[in-house]
Amino acid sequence: MKRLMLLFLGCCWCTFSFAQQNIDEALAYQYYQQADYEKAASLLEKLFNSTRNDGYFDLYYTSLLKIKKYDEAENLVKRLIKQSPQKLNYQIALGRIYQELGKTTEANKIYYTAIQNVPKNEFQFRDLANAFYRFETYDMAVNTFLQGRKVLGDEQLFTFELLSIYRFKKDKQALIDEYINALPANPQLIPQAQSVLSSVFESNGDYQLLQSALLKKIQKDPQNEIYTELLIWQYIQQQQYDMALRQLIAQDKRAKNASDLIFNTANTFVANKAFGPAIKAYEYLLSKGPEQELYLAAKIQLINAKYELAMQGKTDQVAIKALADEFTQVISQYGISNQTIFALKKLSYLQAYYLNNLSEAEKTLEQALKVPGLPAMELGQIKIDLGDIYLLNKQPWEAVLIYEQVAKQYENLPIASEARFRSARLSFYQGNFKYAKSQADVLKASTSQLIANDALNLSLLISDNLQSKNDSLALMMYADAEMLQFLNNNTAAIKKLDSIDIAFPKNSLTDDVLMSKAKIYIKTSEFAKAEENLKELIANHATSIWIDDAIFTLADLYEHQLNNIEAAKKLYQQLITDFPGSMLNSEARKRYRNMRGDNLGA
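Read in order, the letters of the sequence shown are residues -19 to -1, 1 to 583 in mature numbering (1 follows the signal peptide of the UniProt record, and there is no 0).
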């Protein structure tokens, strides 16, 4: 009976002690997190002495350093080293105290001795490096990993740990060297390398460091495609597209295996609006002959790139006619089918808006409508495009009829909202403002965010500029200018916009005119004039309905045309911060993160 009683009392005592330890631990953590290191140290000392748990030691020791009790910390650590000389983390802790006291020589002596004494064991090298890392002695953690590689005879060991430390320290040269060392054995790291390097690089000089290192590697190992791929990325980051293409072609001529990479990189050029280098890349692929696998794809993408280039710049009728002939040739060669729908649509656009051949444009789209098996969205879009051509051909009633037909026929699809918006916009062009506003107000609830935003802008444009007779008459001129822009008569549109303020001084359309002119100047590649109008709008019309559009458009201009990445980043950040409800916010955030290198999915 007595033995049972003693056992019971022992269990109760253990339970009480365990509960008390939990209470002390919770309080210690609380004090530590609140930076009340004096109280934390008192509890952590008790916890460490009773458990000898190194987790408590780290916090206790750090608390002593925080409150500058260096003598107490030194005595503690020296005592522990005597008791457990094999535990290198205590020796590192002593070195850290000397480092804090400015005794760098003594600290380094302890550190290097510890590194040299690590047995030939990967895990012990990792443990020592982790101890250095915990005590924020990052250079020694690096030295430990490098010594481990040397002792163990494996240059690929500790790659991820070293990359992590170099990135934390923003040691750009070391980061470059480590990625270059790691990539041949770990090619899957290249997306991570691109993301991390772009996040730490701050200037062209940083990219030059990478370029120099890669070119040296390529000279020594020209067959290794991974270095070429990273070099091409570097050129693209620097917007040196011709250099990227030159490197690609050199690799292909050397190894005869870069066609896929050239094709994919050309598509990247197009995405970055570098149409000239993209066209050269596609033409190079075509020069390899029709028997090569990418011939048809390259031919199609070449025509598309030429089309996009034509849409970016001032109209060159000879070039436009040649481009239309190329689309016609594709249609003739491959027939009218699902595969050539893209050619029919773009040919009709050139015929209607650039070659002033509206009857041929109508016929081209009517041919497209006869292609069997087209998706509903595709059919609806072709009909809307046909409605636009009716409008160009001064057949507004025909245009309205086809817009309404699409709206009813595809009522449950986003294309229906697009058709209704075209109808509302036509009413606006015709000066039927109240009806246009009523249609736009309905579309503000559209499930298509783009249509809802366009409808909201149209509704606000009308309501904000019908407050007086002067403003109403000015709005009529503005609608005429918008119609001229739609008809691709950009010179007449600019003249009309400039005459609004002369005819109706002090009208309420100043911000609308600035935005409209900026869009026209971008369309005609007069980027400096576009910049001027956008900057004026942003500076002087902070409450304009166009303010978020203006910020985004100017940022895009800086990013893709004026080569001012820092200015673009600032504007994207401004949009993210000041206009969280803008539909452009998500795209601005994505672009800002890409520029800053936050896309660190790897």
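Ideal Cβ placement from N, Cα and C applies to all residues, glycine included.
None of these values were measured; they are calculated from a predicted model.
Original post:
In terms of alpha-carbon separation, which member of R227, K63, M564, R77 lies closest to A436?
Top reply: In the sequence shown, residue 436 corresponds to position 455, counting from 1. With distances taken between Cα atoms, A436 lies closest to M564.
Original post:
Is the number of C-beta pairs between the region 446 to 463 and the region 484 to 504 that are closer than 8 Å three or more?
Top reply: yes
Original post:
So, using beta-carbon positions, are Y335 and I365 closer together than 8 Å?
Top reply: What you label residue 335 is simply residue 354 of the sequence shown in a count that begins at 1. What you label residue 365 is simply residue 384 of the sequence shown in a count that begins at 1. The answer is no: Cβ separation not under 8 Å.
Original post:
Taking buried to mean at least 16 other C-beta atoms within 10 Å of its own C-beta, is T524 buried or exposed?
Top reply: As a working note, residue 524 is residue 543 in the sequence shown. By the 10 Å Cβ count, T524 comes out exposed.
Original post:
Any heavy atom of the ligand ADP within a distance shorter than 7 Å of the CB on L164?
Top reply: Ligands displayed in this structure: none; no statement on the ligand ADP is therefore possible.
Original post:
For L325 versus I317, is the C-beta distance shorter than 8 Å?
Top reply: Walking along the sequence shown from the start, residue 325 turns up at place 344. Walking along the sequence shown from the start, residue 317 turns up at place 336. Result yes, Cβ atoms of L325 and I317 sit closer than 8 Å.
**OP:** Decide if I370 is buried, meaning its Cβ has at least 16 other Cβ atoms within 10 Å, or exposed.
**Re:** As a first step, residue 370 must be located in the sequence shown, where it is residue number 389. With 16 or more other Cβ atoms within 10 Å, it is buried.
Original post:
Is the distance from the Cβ of D233 to the Cβ of P258 below 8 Å?
Top reply: Start at 1 with the first residue of the sequence shown, and residue 233 comes out as number 252. Start at 1 with the first residue of the sequence shown, and residue 258 comes out as number 277. Not closer than 8 Å, so no.
Original post:
Buried or exposed: I284, going by 16 or more other Cβ atoms within 10 Å of its Cβ?
Top reply: Taking the first residue of the sequence shown as 1, we reach residue 284 at position 303. The residue in question, I284, is buried, as its Cβ has 16 or more Cβ neighbours within 10 Å.
Original post:
What is the DSSP secondary structure of S525, reduced to helix, strand or coil?
Top reply: As a first step, residue 525 must be located in the sequence shown, where it is residue number 544. Three-state DSSP puts S525 in coil, outside helix and strand.
Subject >> Rounded C-alpha distance that separates P172 from N469 >> reply: Numbered from its first residue, the sequence shown carries residue 172 at position 191. Numbered from its first residue, the sequence shown carries residue 469 at position 488. Spanning the two alpha carbons is a distance of roughly 42 Å.
Original post:
Which class does E517 belong to by DSSP, given the choice of helix, strand or coil?
Top reply: As a first step, residue 517 is located in the sequence shown; it is residue number 536 there, counting from the start. Note: E517 maps to helix in three-state DSSP.
Original post:
Do the region 565 to 577 and the region 528 to 539 meet, that is, are 3 or more Cβ pairs less than 8 Å apart?
Top reply: Counting Cβ pairs under 8 Å, three or more are found: they touch.
**OP:** With DSSP collapsed to three states, give me the class of M564.
**Re:** By 1-based counting over the sequence shown, the position of residue 564 is 583. The answer is coil: DSSP assigns M564 none of H, G, I, E or B.
Original post:
Taking the C-alpha atoms as reference points, what is the distance between A291 and P561?
Top reply: As a first step, residue 291 must be located in the sequence shown, where it is residue number 310. As a first step, residue 561 must be located in the sequence shown, where it is residue number 580. Rounded to the nearest angstrom, the two C-alpha atoms are 35 Å apart.
Original post:
Would you call the region 44 to 61 and the region 75 to 89 in contact, with 3 or more CB pairs under 8 Å?
Top reply: Short answer: they touch.
Subject >> L581 in three-state terms, based on DSSP >> reply: Along the sequence shown, one-based indexing puts residue 581 at 600. At L581 the pLDDT is 37, less than 50, meaning the model places this residue with poor confidence; the figure from the coordinates comes in the next sentence. Of the three classes helix, strand and coil, the one that applies to L581 here is coil, per DSSP.
Subject >> Cβ neighbours of I557 in the same chain (closer than 8 Å, five flanking residues each side left out) >> reply: Here the question's residue 557 lines up with position 576 in the sequence shown. Exclusion of the five residues before and after I557 leaves N566, A569, R570, Y573 as the residues of its chain whose Cβ lies within less than 8 Å of its Cβ.
Original post:
What's the C-alpha gap between F250 and A279?
Top reply: Along the sequence shown, one-based indexing puts residue 250 at 269. Along the sequence shown, one-based indexing puts residue 279 at 298. In this structure, the alpha-carbon of F250 lies about 13 Å from that of A279.
**OP:** Take every Cβ of the region 395 to 408, pair it with every Cβ of the region 355 to 362, and state whether three or more of those distances are shorter than 8 Å.
**Re:** yes
**OP:** Verify whether the separation of the beta carbon atoms of I213 and A225 is less than 8 Å.
**Re:** The residue labelled residue 213 in the question sits at position 232 within the sequence shown. The residue labelled residue 225 in the question sits at position 244 within the sequence shown. In this structure, A225 lies closer than 8 Å to I213 by Cβ.
Original post:
Is the Cβ-Cβ distance between A95 and Q72 less than 8 Å?
Top reply: Here residue 95 corresponds to residue number 114 of the sequence shown, with the count starting at 1. Here residue 72 corresponds to residue number 91 of the sequence shown, with the count starting at 1. Yes, Cβ-Cβ distance for A95 and Q72 is below 8 Å.
Original post:
By the 10 Å Cβ neighbour count, where 16 or more other Cβ atoms means buried, how is S179 classified, buried or exposed?
Top reply: Position 198 of the sequence shown, counting from 1, holds the residue named residue 179. It counts as buried.
Original post:
K327: buried (16+ other C-beta within 10 angstroms of its C-beta) or exposed?
Top reply: By one-based count along the sequence shown, residue 327 stands at place 346. Result: buried.
Original post:
Excluding five sequence neighbours on each side, which residues of the same chain lie with their C-beta closer than 7 Å to the C-beta of L191?
Top reply: As a first step, residue 191 is located in the sequence shown; it is residue number 210 there, counting from the start. Result list for L191: I157, L178, Q215, in chain order.
Subject >> For D17, three-class secondary structure by DSSP >> reply: Along the sequence shown, one-based indexing puts residue 17 at 36. Looking at D17 - three-state DSSP - the assignment turns out to be coil, as it is neither helix nor strand.
Original post:
So what's V352 in DSSP terms, helix, strand or just coil?
Top reply: Stepping through the sequence shown from its first residue, residue 352 is reached at position 371. Three-state DSSP puts V352 in coil, outside helix and strand.
Original post:
If we ignore side chains and look at the alpha-carbon of each, how far apart do I62 and K201 end up?
Top reply: Here residue 62 is taken as the residue at index 81 of the sequence shown, counted from 1. Here residue 201 is taken as the residue at index 220 of the sequence shown, counted from 1. Distance between the alpha carbons of I62 and K201 is about 49 Å.
**OP:** For G368, count neighbouring C-beta atoms within 10 Å of its own C-beta (all shown protein chains included) and say buried if the count is 16 or more, exposed if not.
**Re:** Numbered from its first residue, the sequence shown carries residue 368 at position 387. Burial call: buried.
Subject >> CA-to-CA distance, L372 to A380, given in whole angstroms >> reply: As a working mapping, residue 380 is identified with position 399 in the sequence shown. As a working mapping, residue 372 is identified with position 391 in the sequence shown. Rounded to whole angstroms, A380 to L372 spans 6 Å at the Cα level.
**OP:** Please determine, among K151, L138, F182, the residue with the shortest C-alpha to C-alpha distance to N162.
**Re:** Mapped onto the sequence shown, residue 162 falls at position 181. Checking every option, the nearest Cα to that of N162 belongs to L138.
Original post:
From this set, L515, K500, S506, K450, which residue's C-alpha is nearest A484's C-alpha?
Top reply: If you number the sequence shown from 1, residue 484 lands on position 503. Minimum Cα distance to A484 is reached at K450.
Subject >> Straight-line gap, M576 to P165 (C-alpha atoms, nearest Å) >> reply: Walking along the sequence shown from the start, residue 576 turns up at place 595. Walking along the sequence shown from the start, residue 165 turns up at place 184. For M576 and P165, the distance between alpha carbons rounds to 26 Å.
Original post:
Q137 CB to nearest chain B CB: under 8 Å?
Top reply: Absence of chain B from the displayed structure is noted, only one protein chain being present.
Original post:
CB-CB under 7 Å to Y37, same chain, minus the five flanking residues each way: which ones, in chain order?
Top reply: Taking the sequence shown and counting its residues from 1, one reaches residue 37 at position 56. The residues are L25, L28, F29.
**OP:** Determine, using beta carbons only, whether Q386 and S404 come nearer to each other than 8 Å.
**Re:** Position 405 of the sequence shown, counted from the start, is the residue given in the question as residue 386. Position 423 of the sequence shown, counted from the start, is the residue given in the question as residue 404. Contact flag unset, no.
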